[in-house]
Amino acid sequence: MLPIPAEELNGSGALGPYWTFYHAVVAEQLSRWLPENPSTVLDMSCGDGRWAVQAAKAGHRVIEVVDFRRPADGQPLHDISKVSQVRADDLRFLPDHSVDAVLAEERAMSVELMAESAIGDVARVLRPGGRALVCVDSLVLGMAILAEQNYWAHLRQTGEVMLVPWPDGSITRCFSSAQLRELLTGAGLEVEWIRPRTVLSPSTVDHVLASDSRALTWLVNTELDTHPDDDDTVGIHLVASARRPG
Numbered sequence: 000m001l002p003i004p005a006e007e008l009n010g011s012g013a014l015g016p017y018w019t020f021y022h023a024v025v026a027e028q029l030s031r032w033l034p035e036n037p038s039t040v041l042d043m044s045c046g047d048g049r050w051a052v053q054a055a056k057a058g059h060r061v062i063e064v065v066d067f068r069r070p071a072d073g074q075p076l077h078d079i080s081k082v083s084q085v086r087a088d089d090l091r092f093l094p095d096h097s098v099d100a101v102l103a104e105e106r107a108m109s110v111e112l113m114a115e116s117a118i119g120d121v122a123r124v125l126r127p128g129g130r131a132l133v134c135v136d137s138l139v140l141g142m143a144i145l146a147e148q149n150y151w152a153h154l155r156q157t158g159e160v161m162l163v164p165w166p167d168g169s170i171t172r173c174f175s176s177a178q179l180r181e182l183l184t185g186a187g188l189e190v191e192w193i194r195p196r197t198v199l200s201p202s203t204v205d206h207v208l209a210s211d212s213r214a215l216t217w218l219v220n221t222e223l224d225t226h227p228d229d230d231d232t233v234g235i236h237l238v239a240s241a242r243r244p245g
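If you count the sequence shown from 1, position 24 lands on 23 in this note's numbering, and the numbers rise without skipping.
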């Protein structure tokens, strides 16, 4: 899969069909991953709340951490009775072993540069047997952005932590599958699997959907039925599932 240009990573532009496919993959993967029985789910994703809403509609009680840097206008981001929003920049408001599952979608552990501290908090609040779903930027993406900005010297330092400056001035942390595994196990979590979020290329998705718009479900199932475990040579994002022992 070719890296996606930085200007397309906001989900708009020429890659609109690909992002439709991408979000359908996330939704279906989340549907398969969520606990079967009603549970308490912590959503610390850096998105617009769509995954909290999906979990709530599946029958779970959701605690959604709202970015404390987002302006507060007194209005909820969505009207779902099972979603409780908390404005915070860490998880100190939660006691130990208080949630059954944690969602860290939307590259949450890449946006959080001190990922070790954040994932340690995730492990602390998970009940024994609880699970976490974590999405991060991949080294493929990081190297593509650095190359676009002519930071060639930085591309030789892939064995260390890769902090990538974006054109908008923000900085994210990119991971190899080995680094993501180390992050999770270092917090005491057991890794169930790590895989690219998508392995199908934007050109493939665009071609198939242009031929038959009804093929979206088939594409999503094809993506999720592949098993490219620990393969970090493709895809702009990596996603992992981990469990707290017990």
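All C-beta atoms in this analysis are idealised placements derived from N, C-alpha and C, irrespective of residue type, glycine included.
Item                                                                                                                                                                      : Value
Along the chain, where does the alpha helix (DSSP H) containing Phe20 start, and where does it finish?                                                                    : 15 to 32
With C-beta atoms as the reference, is Leu132 less than 7 Å away from Trp32?                                                                                              : yes
Could you pull the DSSP bridge partners for Leu132 from this structure?                                                                                                   : Leu102, Ser240
What does DSSP give as the partner residue(s) for Asp66 in the beta ladder?                                                                                               : Ala87
Arg49 lies in the alpha helix (DSSP H); which residues open and close that run?                                                                                           : 49 to 56
Go ahead and pull the three-state DSSP assignment for Val121.                                                                                                             : helix
Assuming Ala122 and Ser44 make a contact with CB atoms under 8 Å, what is their CB distance in whole Å?                                                                   : About 17 Å separates the two Cβ atoms, so there is no contact after all.
Buried or exposed, going by whether 16 or more other CB atoms sit within 10 Å of the CB of Thr171?                                                                        : buried
Between the alpha carbons of Asp72 and Arg86, how many angstroms are there, rounded?                                                                                      : Only weak support is given to the placement of Asp72: the predicted model assigns it a pLDDT of 48, under 50, and the value that follows is read from those uncertain coordinates. Those two C-alpha atoms are separated by around 12 Å.
Please say whether Ser169 and Asp136 have beta carbons closer to each other than 7 Å?                                                                                     : no
Excluding the five sequence neighbours on either side, which residues of its own chain have a C-beta within less than 7 Å of the C-beta of Ala209, listed in chain order? : none
Given a threshold of 16 other Cβ atoms within 10 Å of its Cβ, counted over all protein chains shown, does Glu111 qualify as buried or as exposed?                         : buried
Should the region 191 to 199 be regarded as contacting the region 230 to 238, the criterion being three or more beta carbon pairs within less than 8 Å?                   : yes
Grouping DSSP H, G and I as helix and E and B as strand, with all else coil, what is Ile170?                                                                              : strand
To the nearest whole angstrom, what separates the beta carbons of Asp167 and Ile193, a pair I think is in contact under 8 Å?                                              : Not quite, the Cβ-Cβ distance comes to about 28 Å (not below 8 Å), so this is no contact.
Report the CB separation of Thr39 from Val98 in whole angstroms; it is logged as a contact under 8 Å.                                                                     : 5 Å
Checking 7 Å against the spacing of the C-beta atoms, do Gly119 and Ala186 come in under that value?                                                                      : yes
With 16 other CB atoms within 10 Å as the buried threshold, where does Ser175 fall?                                                                                       : buried
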